[in-house]
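Worksheet: the structure to be examined is printed underneath.
Residue numbers (the UniProt record's numbering): 1 to 255.
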């Protein structure tokens, strides 16, 4: 019985064939010769046969489908390509970045999955759409939750910064007031000390008695030698300056 061959593209060596509308375990053993194909032997038929038909069917099974992105070994180089047609043993591919005149049929073993490619064929994308949608929805929910937490954290941080800034400014103001008060007290204390020193120097320069501050000194206590006025010296048992016991005042005269 002759083969009945029908398909979407020109047949290639190794393509599967149909007989009476059923796929059979046979393939084209040779390329088109004129208008005929040499069909390989199959179960129930012990010999190859030539069959006339200009068309051959697409392969019964192939790893990649039309429009899939793949990588193809071209010599020692691995090149990116897109599958345009398939057969039982070969893929017709278009190399990315090259003109269509470089398109060619390559055997299956030279074609690898392009794991870096992000574009899938439309049927694969439709098959994976529910899982992708669920994952995207979960990511969107998680992204919204993280954004809300970030906004709350930023608001709390801004509030804390404002509070700390207010407390710091208040504390600085209080410290500044205290420093001004202490500085004023120090200034007044220095002025008092200067006044006392000036009064002391005036007393020393005026030869006035350090006890009564009125009379001029005219005697010295023995044995310490500190000078006082006679009226104060006779009343002193001890020198008010060095606290030594006074024996008797001795008269002194200014030069």
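In this text, a Cβ means the ideal position worked out from N, Cα and C, and glycines have one as well.
Straight-line Cα distance separating residue j from residue i
i	j	result
residue 95	residue 80	6 Å
residue 173	residue 208	50 Å
residue 78	residue 71	6 Å
residue 183	residue 190	10 Å
residue 217	residue 197	20 Å
residue 84	residue 100	11 Å
residue 82	residue 93	5 Å
residue 151	residue 89	58 Å
residue 158	residue 144	21 Å
residue 176	residue 230	55 Å
residue 107	residue 86	10 Å
residue 113	residue 133	24 Å
residue 139	residue 116	22 Å
residue 74	residue 137	41 Å
residue 215	residue 181	41 Å
residue 161	residue 135	38 Å
residue 251	residue 194	33 Å
residue 69	residue 163	59 Å
residue 76	residue 109	14 Å
residue 67	residue 103	14 Å
residue 147	residue 65	41 Å
residue 245	residue 236	9 Å
residue 239	residue 186	34 Å
residue 105	residue 154	60 Å
residue 141	residue 166	38 Å
Residue j beta carbon less than 7 Å from that of residue i
i	j	result
residue 211	residue 242	no
residue 249	residue 224	no
residue 222	residue 247	yes
residue 91	residue 111	yes
Collapsed DSSP secondary structure at residue i in the structure displayed
i	result
residue 135	helix
residue 159	helix
residue 227	strand
residue 86	strand
residue 208	strand
residue 222	coil
residue 216	strand
residue 181	helix
residue 189	helix
residue 196	helix
residue 236	coil
residue 99	coil
residue 62	coil
residue 148	helix
Enclosing beta strand (DSSP E) for residue i [first to last residue]
i	result
residue 113	111-113
residue 107	104-107
residue 70	69-74
Minimum Cβ-Cβ distance from residue i to chain D less than 7 Å
i	result
residue 212	Among the protein chains of the structure shown there is no chain D, as only one such chain exists.
Residues bridged to residue i (per DSSP)
i	result
residue 91	86 and 106
residue 79	72
residue 245	238
residue 250	220
Contact test: residue i Cβ vs the ligand FMN heavy atom, cutoff 6 Å
i	result
residue 235	This structure does not include the ligand FMN; it has no bound ligands of any sort.
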